[in-house]
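*Asks:* Residue 910 is where the sequence shown ends in my numbering, and the numbering goes up by one at each step. Structure provided below as structure tokens; questions to follow.
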Amino acid sequence: MLGKLLVRYLSRYRWLLVAILVFQAASAIATLYLPRLNADIINLGVARGDTGFIWTQGGLMLVISLGQIVASVIATYFAARAAMAAGRDIRLDVFERVSGFSERELSHFGAGSLITRNTNDVQQVQMLAMMGATMLVSAPLLAIGGIVMALQQDVGLSWLIAVAVPTLLVAAGLIIARMVPLFRSYQTKLDGVNRVMREQLTGVRVVRAFVRERIEEERFREANTDILVVGRKVGSLFVLLFPLAMLVLNVTVVGVIWFGGIQVDAGGVEIGTLFAFIQYVAQILGGVLMASFMTVMIPRAAVSAERIGEVLDSRSTLERPADPVERLPEPGAIVFDDVAFAYPGAESPVVSGISFAARPGETVAIVGSTGAGKTTLVSLIPRLFDVTSGAVRVGGVDVREADLDVLWKSIGLVPQRPFLFSGTVASNLRFGREDATDDELWHALEIAQGRDFVEAMEGRLEGRIAQGGTNVSGGQRQRLAIARAIVHRPAVLVFDDSFSALDLSTDARLRQALWKELPEVTKIVVAQRVSTITGADRIVVLEDGRMAGLGTHDELLATSATYREIVESQLGVEA
């Protein structure tokens, strides 16, 4: 998966890769040529006392060294550009893929894991791409070129290289083989830390309300300790690699000096040649060490690439149709035709046998006890889930056949737990329609009964909103979410228990304004309070996922025992 991912994204920057190859090759060739010049200076210059030759060759070495530095810097610059651009493209594709996921895929991966995959995992692949572009080119050139140049200097000492290189490769291979499963475990543990921290930050009010700080601290400590243990094992193996490499290098150099010194003493090898051979041995083992360092990075990057690939290869259950319907012939019309829905692996469907219709401009309310399937039912309208059987038609078109963008533009959804984005009141209200004017924003706020508190905010429409809307109350958050849906100008408004945080008088004024100002918009209302839905054109009563009644308030009082129980229980409480 790692190779496939790198080829897919780095191939977009071929000219950078070609430039990296050229400049890395130039840098490696210059590095390999320097020991030979040094040998000539010692053998032909120092030994003979030829000062002119020393100056000439020394100047040439200086020029080649400067060229090597320039080539290396340019290659590293291009490698950084290619790797960072590839990382940017991967993050963008992961984000776009996740944005198209249904609730089913989001639940499967989990928010914490998806965040880790799009940050830490992409960073691992990005770093491998950068280091690989610089090291994987120069390392083989230095290792292979060093062997060739060393053999040209002295074939008799080449057996030391034949022993040192396999020894280093075996040692590195054993260490890396132990690291692969640890890296996979490390990324999983990192997911766990992110998940725990995200839950604690999101639910900080609940944690404090139930005095669970110490318990949650202990929970985080356990997750943090798990990643510490794995990280320590990885670090322990990693620190072994370089001491072993240096040991092999130093022993090899000692061997070269020992056996080479014997040959120098016998007159078979010149001093300069011996020095050059030592430098080539260092370059060969340095190249092998660089390759080993890359192979240390590869396992972790491979695990990360596999996790990224799981996201990119996942197909949303909400697949776009091959030939989507791009126009809804009956704006505002909604039909549920014998609808059933079951979550994957569930023993029984959440809702089944649901059939009702809402004509344009009508108000249909959905009531029922907790767990009756109300939220699941309205989630089928904007196609957050696909029905298991039956069909949901919006605007006269089956939602599975409609273009998703066209479908979503026709629906304004106010979820059960409204979410506001960090920014301003205006930026949140314009979330669904960026070209909305200030007058339209104020009009939507008037309908949603939110104008008064927005006018009291510092900056009014430019008043700051914290992430999640944590700097406004629950009722204010609900009214801003309702105003946002109104600004969207949909043909259908879906309110999923969106009036629960409002007092009775505000609830009544808001409903009256909605009915008066938006008479042509179809309204689907999920509510707990009977007073919210008594004026609806039709009321759908759910019980254990099935319809227990359909009709007006008065009709259901006469025909539905379930609805009558709900009304009597609330009237009794209110009395």
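Note that the Cβ used here is the ideal one computed from N, Cα and C, for glycine as well.
(1) Could you tell me which residues DSSP pairs with L427 in its beta bridges?
(2) With burial defined as no fewer than 16 other Cβ atoms inside 10 Å of the residue's Cβ, what is the status of P370: buried or exposed?
(3) Return the residue from the list L401, L517 and F555 that minimises the CA-CA distance to T366.
(4) Going by Cα to Cα distance, which pick from A761, V457, G538 and A677 is closest to G794?
(5) Along the chain, which unbroken stretches of the alpha helix (DSSP H) at least 4 residues long are found entirely within the segment 362 to 450?
(6) Within 10 Å of its beta-carbon, does I901 have 16 or more other beta-carbons around it, so buried, or fewer, so exposed?
(7) Can you check whether the CB of F436 is closer than 8 Å to the CB of S714?
(8) Please report the straight-line C-alpha distance between L340 and N453, rounded to a whole angstrom.
(9) Exposed or buried, R347, counting other C-beta atoms within 10 Å across all chains shown (16 or more means buried)?
(10) Determine which residues share a DSSP beta bridge with R917 and list them.
(11) Going by other Cβ atoms of all chains shown within 10 Å of its Cβ, with 16 needed for buried, is A801 buried or exposed?
(12) Tell me which same chain residues have a C-beta within less than 7 Å of the C-beta of R554, skipping the five on either side of it?
(13) Check whether the segment 389 to 404 and the segment 630 to 647 are in contact - that is, three or more C-beta pairs closer than 8 Å.
(14) Under the three-state reduction of DSSP, which class applies to S346: helix, strand or coil?
(15) Classify A693: buried if its beta carbon has 16 or more other beta carbons within 10 angstroms, exposed otherwise.
(16) Tell me whether the beta-carbon of M462 lies closer than 8 Å to the beta-carbon of A414.
(17) Is it true that the CB of T560 sits closer than 8 Å to the CB of L495?
(18) Can you grab the Cα-Cα spacing for the pair V441 / A360, in whole Å?
(19) Please name the residue or residues paired with L748 in a DSSP beta bridge.
(20) Alpha carbon to alpha carbon, what distance is there between M514 and A506?
(21) Evaluate D375 with the Cβ neighbour count: other Cβ atoms within 10 Å of its Cβ, from every protein chain shown; 16 or more gives buried, anything less gives exposed.
(22) With a CB to CB cut of under 8 Å and the five nearest residues on each side skipped, what residues in its chain are close to A892?
(23) Can you tell me whether N585 is buried or exposed, with buried defined as 16 or more other CB within 10 angstroms of its CB?
(24) Assign A910 to buried or exposed, taking buried as 16 or more other Cβ atoms, counted over all protein chains shown, within 10 Å of its Cβ.
(25) Do Y344 and I425 have their C-beta atoms closer together than 8 Å?
(26) Based on DSSP bridge pairs, tell me the residues matched to T698.
(27) Grab me the residues of V732's own chain with a C-beta within less than 6 Å of its C-beta, minus the 5 sequence neighbours each way, in chain order.
(28) Less than 6 Å between C-beta atoms, sequence neighbours within five positions excluded: which residues of the same chain meet that for F518?
(29) If you count every other CB in all the chains shown that lies within 10 Å of the CB of F286, and 16 or more means buried, which is it?
(30) Determine, using beta-carbon pairs with one atom in the segment 693 to 706 and one in the segment 765 to 773, whether at least three such pairs fall under 8 Å.
(31) Please classify V908: is it buried, with 16 or more other beta-carbons within 10 angstroms of its beta-carbon, or exposed?
(32) Report the option in S704, F545, G708 and E682 whose CA atom is closest to the CA atom of I689.
(33) Would you call V353 buried or exposed, if buried means 16 or more other Cβ atoms sit within 10 Å of its Cβ?
(34) Can you give me the start and stop residues for the alpha helix (DSSP H) that E878 sits inside?
(35) Alpha carbon to alpha carbon, how far is V856 from T894?
(36) Go through its chain and collect everything with a Cβ distance to I482's Cβ below 7 Å, but skip five positions before and after it.
*Replies:* Answer, in terms of the structure:
(1) Position 92 of the sequence shown, counting from 1, holds the residue named residue 427. Among the bridge pairs identified by DSSP, L427 is matched with none.
(2) The sequence position of residue 370 within the sequence shown is 35, counting from 1. Buried.
(3) For this step, residue 366 is matched to residue 31 along the sequence shown. When each option's Cα is compared against that of T366, the closest is L401.
(4) Along the sequence shown, read from residue 1 onward, the residue named residue 794 stands at position 459. Looking at the Cα atoms, A761 is the closest of the given residues.
(5) If we require 4 residues or more, the alpha helix (DSSP H) runs fully inside the segment 362 to 450 come out as 386 to 434 and 438 to 444.
(6) Here residue 901 is taken as the residue at index 566 of the sequence shown, counted from 1. I901 sits buried, since 16 or more C-beta atoms from the chains shown fall within 10 Å of its C-beta.
(7) The residue labelled residue 714 in the question sits at position 379 within the sequence shown. The residue labelled residue 436 in the question sits at position 101 within the sequence shown. Using a Cβ distance threshold of 8 Å, S714 and F436 do not count as a contacting pair.
(8) As a first step, residue 340 must be located in the sequence shown, where it is residue number 5. As a first step, residue 453 must be located in the sequence shown, where it is residue number 118. In a straight line, the C-alpha of L340 is about 14 Å away from that of N453.
(9) Locating residue 347 in the sequence shown gives position 12, counting from the first residue. R347 should be labelled exposed.
(10) The displayed coordinates of the chain run from 336 to 910. Any statement about residue 917 would go beyond what the structure contains.
(11) For the purposes of this step, residue 801 is taken as residue 466 along the sequence shown, with counting starting at 1. By the beta-carbon neighbour count (other beta carbons within 10 angstroms, threshold 16), A801 is exposed.
(12) The residue given as residue 554 occupies position 219 in the sequence shown. If we look at R554 and ignore the five residues flanking it on each side, its Cβ neighbours are V531.
(13) As far as the Cβ criterion goes, the segment 389 to 404 does not touch the segment 630 to 647, which means the pair count is below three.
(14) In the sequence shown, counting from the first residue as 1, residue 346 sits at position 11. Helix at S346.
(15) Taking the first residue of the sequence shown as 1, we reach residue 693 at position 358. Label assigned to A693: buried.
(16) Looking up residue 462 in the sequence shown gives position 127. Looking up residue 414 in the sequence shown gives position 79. At the C-beta level, M462 and A414 stay beyond 8 Å of one another.
(17) Counted from its first residue, the sequence shown places residue 495 at position 160. Counted from its first residue, the sequence shown places residue 560 at position 225. Not in contact: L495 and T560 (Cβ atoms no closer than 8 Å).
(18) Walking along the sequence shown from the start, residue 441 turns up at place 106. Walking along the sequence shown from the start, residue 360 turns up at place 25. Here residue 441 is Leu; the residue named in the question, Val, does not match the sequence. Rounded to the nearest angstrom, the gap between the Cα atoms of L441 and A360 is 46 Å.
(19) Taking the sequence shown and counting its residues from 1, one reaches residue 748 at position 413. Its beta-bridge partners are V829.
(20) Against the sequence shown, residue 506 aligns to sequence position 171. Against the sequence shown, residue 514 aligns to sequence position 179. Taking the straight line from one Cα to the other gives about 13 Å.
(21) Counting from one through the sequence shown, the residue named residue 375 turns up at place 40. Residue burial annotation: D375 is buried, with at least 16 other C-beta atoms found within 10 angstroms of its C-beta.
(22) One-based indexing of the sequence shown puts residue 892 at position 557. Before going further, note that residue 892 is Leu rather than Ala in the sequence given. Within the same chain, Cβ atoms closer than 8 Å to the Cβ of L892 are found at Y898, R899 and V902, the five residues on either side in sequence being excluded.
(23) As a working note, residue 585 is residue 250 in the sequence shown. Burial call: exposed.
(24) For the purposes of this step, residue 910 is taken as residue 575 along the sequence shown, with counting starting at 1. Its pLDDT being 32, under 50, A910 is placed unreliably by the model, and the measurement read from it follows with that caveat. Flag for A910 reads exposed.
(25) Position 9 of the sequence shown, counting from 1, holds the residue named residue 344. Position 90 of the sequence shown, counting from 1, holds the residue named residue 425. Contact flag set, yes.
(26) Locating residue 698 in the sequence shown gives position 363, counting from the first residue. Bridge partners of T698: K858.
(27) By one-based count along the sequence shown, residue 732 stands at place 397. Contacts found: V660 and L663.
(28) As a working note, residue 518 is residue 183 in the sequence shown. For F518, where only same-chain residues beyond five positions count, the Cβ hits under 6 Å are P634, R635 and V638.
(29) Missing from the structure shown is residue 286; the chain here goes from 336 to 910 and no further.
(30) Inter-segment contact for the segment 693 to 706 and the segment 765 to 773 is absent: fewer than three beta-carbon pairs are separated by less than 8 Å.
(31) Within the sequence shown, the letter at position 573 stands for residue 908. Residue placement at V908 cannot be trusted, given a pLDDT of 43 that sits under 50; the coordinates are not used to answer.
(32) Working through the sequence shown from its first residue, we reach residue 689 at position 354. Among S704, F545, G708 and E682, the Cα nearest to that of I689 belongs to G708.
(33) To locate residue 353, count along the sequence shown from 1; it is residue 18. Answer is exposed; the Cβ neighbour count stays below 16.
(34) Here residue 878 is taken as the residue at index 543 of the sequence shown, counted from 1. Segment R873 to E878 is the beta strand (DSSP E) holding E878; no alpha helix (DSSP H) there.
(35) Here residue 856 corresponds to residue number 521 of the sequence shown, with the count starting at 1. Here residue 894 corresponds to residue number 559 of the sequence shown, with the count starting at 1. One alpha carbon belongs to V856, the other to T894, and they sit about 29 Å apart.
(36) In the sequence shown, the residue the question calls residue 482 occupies position 147. The answer, listed in chain order, is I496 and I619.
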